[in-house]
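Here the protein sequences line up with chains A and B, keeping their order.
Position 239 of the first sequence, counting from 1, maps to 239 under my numbering, and the rest follow consecutively.
Position 406 of the second sequence, counting from 1, maps to 1406 under my numbering, and the rest follow consecutively.
Even for Gly, the Cβ is constructed at its ideal location relative to N, Cα and C.
Note sheet for the following structure.
Number of protein chains: 2
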Amino acid sequence: MSDRQLHLNVNILNVGFYGSAWRTPRADPQGFVDVGHYVRTAQIAERGTFDAIFLADAPALSDRPEYRPFYALEPTIILAAVAAATTHIGLIATASTTYNEPFNIARRFQSLDLASGGRVGWNVVTTADAAASRNFGFDNVTAHATRYERAAEFTEVVTALWESWEDDALIADKATGAFLDLSRVHAINHSGRHFTVKGPLNLPRSPQGHPVVVQAGASEDGRQLAARYAEAIFSVANTIEEGRAFADDIRRRAARFGRRGEDIVVLPGLATVIGSTEEEARRREEELWSLIPGDYSLVRIAGILKVDPAGLTLDRPLPDDIALPVDGSQTFFRATLDIARREGLTLRQLLRKLGGGTGHRVIVGSPESIADDIERWFRAGAADGFNLMPDVLPEGLEAFVDHVVPILRKRGLFRSEYRGATLRDHFGLQRAQGRPSIPALAG
Amino acid sequence: MSDRQLHLNVNILNVGFYGSAWRTPRADPQGFVDVGHYVRTAQIAERGTFDAIFLADAPALSDRPEYRPFYALEPTIILAAVAAATTHIGLIATASTTYNEPFNIARRFQSLDLASGGRVGWNVVTTADAAASRNFGFDNVTAHATRYERAAEFTEVVTALWESWEDDALIADKATGAFLDLSRVHAINHSGRHFTVKGPLNLPRSPQGHPVVVQAGASEDGRQLAARYAEAIFSVANTIEEGRAFADDIRRRAARFGRRGEDIVVLPGLATVIGSTEEEARRREEELWSLIPGDYSLVRIAGILKVDPAGLTLDRPLPDDIALPVDGSQTFFRATLDIARREGLTLRQLLRKLGGGTGHRVIVGSPESIADDIERWFRAGAADGFNLMPDVLPEGLEAFVDHVVPILRKRGLFRSEYRGATLRDHFGLQRAQGRPSIPALAG
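Take a look at the structure:
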């Protein structure tokens, strides 16, 4: 087995990556509001010795819910149910730094980390979503820079709260009656521009110390946040060159914060459409494409581009005068748009490349060709692994676990069994340490 | 079986009501940070066909954590784990209206309600806790009246969000591609003094419609909030007269809001110390009392009274010049203090009555005498049931379920099996309705 090992997450995007996933014969169209769906999917990923499941999120009814499933059940509630039904797989959930308080997030994720035996990660997002902002007292999305400034301070406070307890603070000695050693618990006394938080947290440390910090933003501000705090990054890359450039850039930035490159795991998104042969895979893609309801893709892309859908024609290239908003959001889409321009794709071909929704790379093929692709990226240093987005869930994941994972194992690229119990173990990250520099509550 | 049926919740106060519970031989002193402890306790309650488990909470490291377990794991995370391991029992968790946003609370509790098949209740609290306020950017506790004003608006918004979906909004028809009927989903467009929330929620309704609203405050403001919104009330009453007066008062107030008395379930707190005989029960109380660590009770009561513990003498009555803060907090304690004054108890006797911690009624006795007491209160109209606080968990609950519940069942006061599947079914409440008056998103 090679020294460097691949890491695989599955991004449980409701009932699948394709906008039409819910309409396919074996899909449960109401699975997105059934914790059982997430539990079954996670159990399949655990059978495949995946590093983690990943849940994206936004606190609002999403755009175009009349056409497809949307973010619904709150991710930490899903993860608590999944934790109870699994033993090893990591559990990563998204929570917004713009619409939460750091004490609540630190506490909820540390509670999950204790409930799961140290398997949790927190995906830090700033939520560029106008519908969300209107559910929290704002008319418009907060400016990009302000969101990221708040996100950095938020992450700093959450981490400090997680590290406010030393490992052996809890005594619980029945004989002496000593319960908690206050000399090993520390107020954080944070006072910053966005938050004033005294602390300490009201929870002990977990088997992995505290949750892993995950980040996904790829804008300039997003990269700085990731370089400073992220231990795993869910990135966007459509070519090996893009992937390598991103990983190099992040590690260079991280070094400036005194961090080591190996303390960050870079996982580009990868949407998969698997068939037993190349031809079957293409037929499957064709079917998924044909089931995308009516004008869903057109309306959605028009929404991202902020143009009238009636002004777009499917069988022509995108008009030249269309540009994306420059606020740093929609990174995933921007990458695909660049390719469309470069290759002169028609709108229909571009939509197809987007798989009916987002801008992550889509791979359509046999298990062998998908394994080849993954190995190529991994060996080229363009990825430490992937955040997989199967076309339909759970069946697309089942195909990956049953047919692609065995090839990756045979090639010595991927584990055949879990060697550790925590998410940090799976990712090859060190256990999180306390901060003895913070003054204790009692001394 | 009599028509009117008793309702029983168990308040899982960490490892038990007594400050010394964790030091008793069979207790797990670290159970308070182990979801398995809550799951096992809930399973015992479910075996006893209880209505619900109840979790109190405060978002801070509590006073005197060096002596005893404290609020730690976030309650909705615990409930998600318990939901996965039980089938019928109701699941009530506390969340603060002072330190949360209504959209997040509406969403998290509705997610739990869907995950549990409609078994959830939200206990609305305003959190009168200085340590909590310092974790959320405040130097001091927000004034009582402001907290309750915010709580009322918060509850109004949460309820409106829960009711923003009609029952059959989700279509999910694979054949036509119609997923969500936007004419049955409604923005709430709330704009008030504390919150501006557009909505709708991003979740469908649950089998019981939405979670039950529970409330515990007994101050003037607390009673108004309960009368307006609460469907179950966790009250404080030390005598049958107090219990009856409280229930009558709440129902009178509720009538002024156009609500029916039977739409509110009143459940006073009741701490239990059970022995197979009266004498064994008293010996058990003695042992629990002897295990309360050092000066814990004295320090705690001095903290509540805001006096120097050194100025208090255990074997004298409380000094006359000591008064409780008049901000409406500490209701539970106030009731006990009144009794202490009336009966001329020494501080030591008062502390004993407080069971090492709170001011709810403590009953010490055999299963028969406890069943008699419960029946007396129930028949007198002083309670629709009780929020039980066993001395030690889970063993104190096990004793209740194995020895008191059979007597209550034999007397026709309490169910032998669940007749419904939701918490509203157990409490005898109607299914929650939508609000067709809110304008639809489309249609």
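Item to check | Residues from the segment 1098–1111 of chain B in contact with chain E, defined by Cβ distance under 8 Å | outcome: You won't find chain E in this structure, because its protein chains are A and B.
Checklist entry - Okay, do the segment 72–92 of chain A and the segment 43–56 of chain A touch, 3+ Cβ pairs below 8 Å being the bar? => result yes
Checklist entry - Residues in its own chain within less than 8 Å of I77 of chain A by CB, not counting five upstream and five downstream? => result Listed in chain order, the non-local C-beta contacts of I77 of chain A below 8 Å within the same chain comprise V35, local neighbours out to five positions each way being set aside.
Item to check | G428 of chain A: contacting residues in chain B (beta-carbon distance under 7 Å) | outcome: Simply none; closest approach about 27 Å.
Checklist entry - Between R147 of chain A and the rest of its own chain, which residues show a CB-CB distance below 6 Å, the 5 nearest in sequence each way excluded? => result T98 and T126
Item to check | Cβ pair count under 8 Å reaching 3, the segment 1271–1281 of chain B against the segment 1335–1346 of chain B | outcome: no
Next on the checklist: Determine, for P59 of chain A, whether the minimum Cβ-Cβ distance to residues of chain B falls below 8 Å.
Outcome noted: yes
Checklist entry - Counting Cβ pairs closer than 8 Å, one from the segment 1057–1069 of chain B and one from the segment 1104–1119 of chain B, do we hit at least three? => result no
Item to check | Chain-ordered neighbours of A1084 of chain B on chain A, where CB pairs are closer than 7 Å | outcome: A81, A84 and A85
Checklist entry - When you compare only the Cα positions, how much space is there between I301 of chain A and E101 of chain A? => result 33 Å
Item to check | As assigned by DSSP and simplified to three states, the class of I171 of chain A | outcome: coil
Item to check | Collapsed DSSP secondary structure at Q1224 of chain B in the structure displayed | outcome: helix
Checklist entry - Got a sec: is the Cβ-Cβ distance from P1204 of chain B to anything in chain A below 8 Å? => result Output row for P1204 of chain B: interface = yes.
Next on the checklist: Which residues of the segment 1032–1050 of chain B have a Cβ closer than 7 Å to any Cβ of chain A? Give them in chain order.
Outcome noted: V1033 and V1035
Checklist entry - DSSP three-state call for R361 of chain A: helix, strand or coil? => result strand
Next on the checklist: The beta strand (DSSP E) that contains N9 of chain A, what's its start and end?
Outcome noted: Here the beta strand (DSSP E) through N9 of chain A covers H7 to N11.
Checklist entry - In three-state terms, what does DSSP make of N1104 of chain B? => result N1104 of chain B falls in the helix class under three-state DSSP.
Next on the checklist: Between B:A1271, B:E1149, B:P1211 and B:G1275, which has its C-alpha nearest D1221 of chain B's C-alpha?
Outcome noted: B:E1149
Item to check | Contacting positions in the segment 1133–1147 of chain B - beta carbon closer than 7 Å to chain A | outcome: R1134, N1135, F1136 and G1137
Checklist entry - Name the DSSP bridge partner or partners of T1272 of chain B? => result B:I1363 and B:P1390
Item to check | Segment limits, alpha helix (DSSP H) that includes S133 of chain A | outcome: A130 to S133
Checklist entry - What are the partner residues of S1235 of chain B, as DSSP defines its beta bridges? => result B:P1268.
Checklist entry - Would you call A1311 of chain B buried or exposed, if buried means 16 or more other Cβ atoms sit within 10 Å of its Cβ? => result The residue asked about is misnamed: residue 1311 of chain B is Gly in this sequence, not Ala. Per the 10 Å Cβ criterion, exposed.
Item to check | Residue burial classification, S1445 of chain B (beta-carbon count within 10 angstroms, cutoff 16) | outcome: In this structure chain B extends from 1001 to 1443, so residue 1445 of chain B is not present and cannot be described.
Next on the checklist: If you measure between the beta carbons of L1055 of chain B and F1378 of chain B, is that distance less than 8 Å?
Outcome noted: no
Checklist entry - To the nearest angstrom, how far is it from the Cα of F414 of chain A to the Cα of A81 of chain A? => result 27 Å
Next on the checklist: On the DSSP letters alone, give me the boundaries of the beta strand (DSSP E) that S94 of chain A sits inside.
Outcome noted: Note that residue 94 of chain A corresponds to Thr in the displayed sequence, not to Ser. Here the beta strand (DSSP E) through T94 of chain A covers G90 to S96.
Checklist entry - Checking contacts by CB at 8 Å: is V1197 of chain B closer than that to chain A? => result Yes, because at least one Cβ of chain A sits closer than 8 Å to the Cβ of V1197 of chain B.
Next on the checklist: As a quick exercise: from B:W1122, B:D1113, B:R1040 and B:V1015, pick the residue whose alpha carbon is nearest that of Y1071 of chain B.
Outcome noted: B:V1015
Item to check | Neighbour list for G1192 of chain B in chain A, Cβ cutoff strictly below 9 Å | outcome: Simply none; closest approach about 10 Å.
Checklist entry - Does the separation of the CB atoms of I1247 of chain B and V1266 of chain B fall below 8 Å? => result Note that residue 1247 of chain B is Ala in the sequence shown, not Ile. Yes, the pair counts as a contact, with Cβ atoms nearer than the cut-off.
Checklist entry - At what residue ranges does the segment 1021–1083 of chain B contain a whole run of the beta strand (DSSP E), taking only runs of 3 or more? => result 1052–1055
Next on the checklist: Would you say A52 of chain A lies against chain B (beta-carbon separation less than 8 Å)?
Outcome noted: no
Checklist entry - Does the pairing of the segment 366–383 of chain A with the segment 230–244 of chain A give three or more beta-carbon distances under 8 Å? => result yes
Item to check | DSSP beta-bridge partners of T1277 of chain B | outcome: Looking at the DSSP assignment, T1277 of chain B forms no beta bridge with any residue, so it has no partner.
Item to check | Counted within 10 angstroms of its Cβ, other Cβ atoms place T272 of chain A as buried (16 or more) or exposed | outcome: Counting C-beta atoms within 10 angstroms of its own C-beta, T272 of chain A has 16 or more neighbours from the protein chains shown and is therefore classed as buried.
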